[in-house]
Amino acid sequence: MWREVWLICRKDLTVERRARVTLIQIVPTVLLILVVFAFAFDANPSLLGAGAGGLFWVAVLFGAVLGAKRSFDIEAEGGNLDALRLGGLSPAAILWGKAMALAVQMAAVAVFTAAGLVVLFSVTVTDWPLLLTAAVCGTAAFAICGCLYGAMTVGLRSADTLLPLLLIPVAAPVLLAGTRAFDVALGTSADQGWSWTALLAVVLITYVAVGWAAAGPLLEDA
Amino acid sequence: MTGSVATRVLGAIGLAAAAVMAILALWVSPADAVQGDAVRLMYVHVPSIWVAYGSFVLTAFASARVLWRTRSGAGGTEGVIADRQARHWDRVAGAAAELGVMFTGLTLVTGSLWGKVTWGTYWQWDARLTTTVLLFVTHLGYLALRRLPAESRARARRSAVMALIAVVNLPIVHYSVDWWRTLHQEASLEIGIGGDRNYSGEMYWTLLYSWATFTLIALWIGIHRYRVLRLEELAEEAALEELLSVRRSEPSHDEPVTER
Amino acid sequence: MGAAVAFEGVVALLDRFPALAGVDLSVESGEMVCLRGPNGAGKTTLLRTCAGLVPLRGARAEVLGFDLIADRRTVRRHVGLLGHRTPLYGDLRVDDQLRHCAALHCASDAEASAAAERFSLEGRLMGVAIRRLSEGQQRRVALACLTIARPQLWLLDEPHAGLDRTSRDALDELLGDAVTAGATVMFATHETDSARLAAARQVTLAGGRVSMSAPAPGAGSSADVA
């Protein structure tokens, strides 16, 4: 099982290493979102600083939508998913392998987004452990969620437009909890940051459980 | 096509009940001391959210049944029965989700109209409102997913998974939104539509009556939707025989002379 | 050995269209079968159905002894399918793709490089992204992947299309070796070059059914091809 997961994960990361779609398409798009928000808020430093935590998660969420789309596009192309099925891979291995690879790519997106916030919105971090824990939990949750819905829509006509509609409402709790935790970590609010991070962890565990249960029904058939 | 004696009677009763409900809600029941005539929206708002939640619960239950039945994957007669039951529950899930979306929409519209009159704003970022709107959007997505053409069994399984994720997600959404608002809001809303206030007798009975009316009408629509979905499948089954015979009579050339 | 494929009245629907409209077909283990018929006769769907990738109904559908009506999944790992689309990751380099295939099918590096050599994929080509290869070169990579998979049942859709002379010969030799080793081969083709297909039983499809099944035209000469 873990051999199969690693097989898929390594394959997806190799595809990314060769094509660099995340690095040269998704990351710039996400940074562009930050810039566009600065336009929307009239480049008002206090507004931007206060909204930075939320903006991070909105940007990463859109990155995850694009990443999930891309991750399953390469499987739909040329019938690669059928080839994996013919290789006898279990649906769970396919899902977790892809989720792991997507999580790594989303982590890169998150790092660039954070750097963008520091540079463009001049935020300062007051609580690093909180920030990192929340970022890891939230990004992983996005990756799993993205893969679930990517698998749900793979090969369907108009999957491109459907994916955000399905994914964003489900990701709402991550968005909320992540934003609250980041607000604390960035010193813009005095909320209970660790409680929100705990909620993120609960969400992550829930998605892991859902992934185990849903992989079979979603991926075992053409 | 989809009517039977029972559903015709059900429909007639439902429509008559709706007419009576209009009279009760608009004339017989009094205006509220605080909310004025706006309170009358409650007779639509409260029953529709009840119907909506009931439908979503049914969708989730039916979806669980779909997954349960397609899980076995056995061949032979057992497989045929399992397949038929899975199709049945898939239709139930689809019909119920449509009802749910429609009545959630009605809830949101009446709620925001009421809010405009009472609170002076269409929308409040209140936990219940936010959860409801997310529920609405999630199930809109569910219906969009169902509409996409696909092999029926794969589609049934896929949408069942989606409905169950929506249910699993619901408490998380509710909890996080609730927590978010209670931490950040100055005061919770004093007056809620259909909240725990003292109502006069007429108001109480009217509400109870409209609840029954909405349930009847929802049942009526739901049964018809189910039958339409089943007729569509039957029509496909019937067309299959013809398609098969057309297919079998296609000309056979040894070599590819015709490009289509 | 028994039958590799045993179909009775198999119907397969693709988006409500009966692509297979009652196929009766029996293929023995170690046999080579050539599927013929006009475009849209159901050749591709028949191959995909044998791979367990298409929902089907019918009186009997067994492939390699697995009952497809009860379970279409177990058979898949014993089957190799090359469809008319080439199942490769366009962004990967040839060596990445071959390494992935070897890992997928638990094959050794030696087997992978032997397969690559068979379709002359050594040297410069190994480092090129698959998207940059020509159609024929991509088919060669896909065939090498199939070789790595060592299936018991080979299902090939127009395998010769787009291949140069050398690669065609390599493919024929490969299929011959597979049959000699006891595997079964089914391929669809529009080729008329009968010398190449001499060893194969000819099965003609029309309207989603088997309309004709003839023994190999040059049954006596099968040994030379193998």
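Chains as they are written, first to last, in our numbering: chain A, 1 to 222; chain B, 1001 to 1260; chain C, 2001 to 2226. Glycine included, every Cβ here is placed at the ideal spot set by N, Cα and C.
Verify the CB distance criterion: does residue i have a CB-CB separation below 8 angstroms to chain B?
i, result
"Pro2215(C)", "no"
"Gly211(A)", "no"
"Gly2208(C)", "yes"
"Met106(A)", "no"
"Leu2055(C)", "Residue identity differs from the one stated: residue 2055(C) is Pro in this sequence, not Leu. Yes, its Cβ sits closer than 8 angstroms to a Cβ of chain B."
"Leu199(A)", "yes"
"Leu61(A)", "no"
"Asp2177(C)", "no"
"Asp2015(C)", "yes"
"Leu66(A)", "no"
I want to verify the contact list: residues of chain A whose CB lies under 8 angstroms from the CB of residue i, in sequence order.
i, result
"Gly1141(B)", "Leu162, Leu165, Leu166, Pro169"
"Val2079(C)", "Leu86"
"Leu1134(B)", "Pro169, Ala172"
Compare the C-beta of residue i against all C-beta atoms of chain C and say whether one is closer than 8 angstroms.
i, result
"Ser1159(B)", "no"
"Pro1171(B)", "no"
"Glu1250(B)", "yes"
"Leu1129(B)", "no"
"Arg157(A)", "no"
"Ile144(A)", "no"
"Asp42(A)", "no"
"Ser1188(B)", "Legend: pLDDT at Ser1188(B) = 39, less than 50; position of this residue unreliable, value from coordinates given subsequently. Taking Cβ atoms only, chain C never reaches closer than 8 angstroms to Ser1188(B), which makes this a no."
"Arg1153(B)", "yes"
"Asp82(A)", "yes"
"Ile26(A)", "no"
"Ile33(A)", "no"
"Ile74(A)", "yes"
"Glu1098(B)", "no"
"Glu1232(B)", "no"
Just to check my reading of the structure: residue i and residue j have Cβ atoms closer than 8 angstroms, yes? What is that Cβ distance to the nearest angstrom?
i, j, result
"Leu7(A)", "Gly97(A)", "7 angstroms"
"Val15(A)", "Ile74(A)", "6 angstroms"
"Ala172(A)", "Val1173(B)", "6 angstroms"
"Met106(A)", "Gly63(A)", "6 angstroms"
"Val2063(C)", "Leu2153(C)", "7 angstroms"
"Gly193(A)", "Arg2077(C)", "Their Cβ separation, rounded to whole angstroms, is 48 angstroms, which puts Gly193(A) and Arg2077(C) out of contact at 8 angstroms."
"Ala1096(B)", "Asp1178(B)", "The Cβ separation is near 26 angstroms, so there is no contact."
"Leu1164(B)", "Ala1060(B)", "6 angstroms"
"Leu218(A)", "Met152(A)", "6 angstroms"
"Ala201(A)", "Cys137(A)", "5 angstroms"
Please go through the same chain and pick out, in chain order, the residues whose beta-carbon is closer than 6 angstroms to the beta-carbon of residue i, but skip the five residues on each side of it.
i, result
"Met2126(C)", "Val2094, Asp2095"
"Ala99(A)", "Ala143, Ile144, Cys147"
"Leu2156(C)", "Leu2082, Phe2187"
"Ala92(A)", "Ala215"
"Cys2101(C)", "Cys2145, Ile2148"
"Ser189(A)", "Asp183"
"Ser1029(B)", "Glu1202, Met1203, Thr1206"
"Gly187(A)", "Thr126"
Just the chain A side, please: which residues come within less than 7 angstroms of residue i by C-beta, in chain order?
i, result
"His2100(C)", "Lys11"
"Val1999(C)", "Residue 1999(C) lies beyond the stretch modelled for chain C, which goes from 2001 to 2226, so this question has no answer here."
"Arg2076(C)", "Arg85, Leu86, Gly88"
So, at 8 angstroms on beta carbons, what are the nonlocal neighbours of residue i in its own chain, with the 5 sequence-adjacent residues on each side left out?
i, result
"Pro34(A)", "The amino acid occupying residue 34(A) in the given sequence is Leu; Pro does not appear at that position. Within the same chain, Leu34(A) has close Cβ partners Leu55, Ala59, Thr113, Gly116, Leu117, Leu120, Phe121."
"Arg1157(B)", "Val1066, Leu1067, Thr1070"
Does chain A have any CB closer than 8 angstroms to the CB of residue i?
i, result
"Asp2095(C)", "no"
"Leu1148(B)", "yes"
"Ile1013(B)", "no"
"Ile1165(B)", "yes"
"Val1168(B)", "yes"
"Gly1079(B)", "no"
Determine the chain C residues that contact residue i at a beta-carbon separation under 7 angstroms, and present them in chain order.
i, result
"Glu1242(B)", "What Glu1242(B) touches in chain C: nothing, since even the nearest Cβ is about 10 angstroms away."
"Ala19(A)", "Asp2091"
What does residue i touch in chain C if you count any residue whose Cβ is under 8 angstroms from its own?
i, result
"Thr14(A)", "Leu2092, Asp2096, His2100"
Residue i touches chain B at which residues, Cβ-Cβ below 8 angstroms?
i, result
"Pro2018(C)", "Leu1240, Leu1243, Leu1244, Arg1247"
"Met152(A)", "Leu1145, Arg1158, Val1161, Met1162"
By the criterion of Cβ-Cβ separation under 7 angstroms, what are the contact partners of residue i in chain B?
i, result
"Ala2021(C)", "Leu1244, Arg1247, Arg1248"
Name the chain A residues that come within less than 9 angstroms of residue i, Cβ to Cβ?
i, result
"Thr2086(C)", "Gly78, Gly79"
"Gly2083(C)", "Gly78, Gly79, Asp82"
"Ser1063(B)", "Those within 9 angstroms of Ser1063(B) in chain A number zero; the least Cβ separation is about 10 angstroms."
Skipping 5 residues on each side, what residues in its chain have a beta carbon closer than 7 angstroms to that of residue i?
i, result
"Asp127(A)", "Val184, Ala185, Gly193"
"Leu2086(C)", "For the record, residue 2086(C) in the displayed sequence is Thr; it is not Leu. Correct list, in chain order: Gln2138, Arg2139, Ala2142."
"Trp1114(B)", "Ala1038, Leu1041, His1045, Ile1193"
By the criterion of Cβ-Cβ separation under 9 angstroms, what are the contact partners of residue i in chain C?
i, result
"Leu7(A)", "His2100, Ala2103, Leu2104"
*Pick out the complete beta strand (DSSP E) segments inside the stretch 2018–2067 of chain C, 3 residues or longer, and give them in chain order.*
2032–2036, 2060–2063
*Taking the runs of the alpha helix (DSSP H) that are 4 residues or longer, which of them lie wholly in the stretch 37–101 of chain A?*
45–76, 80–86
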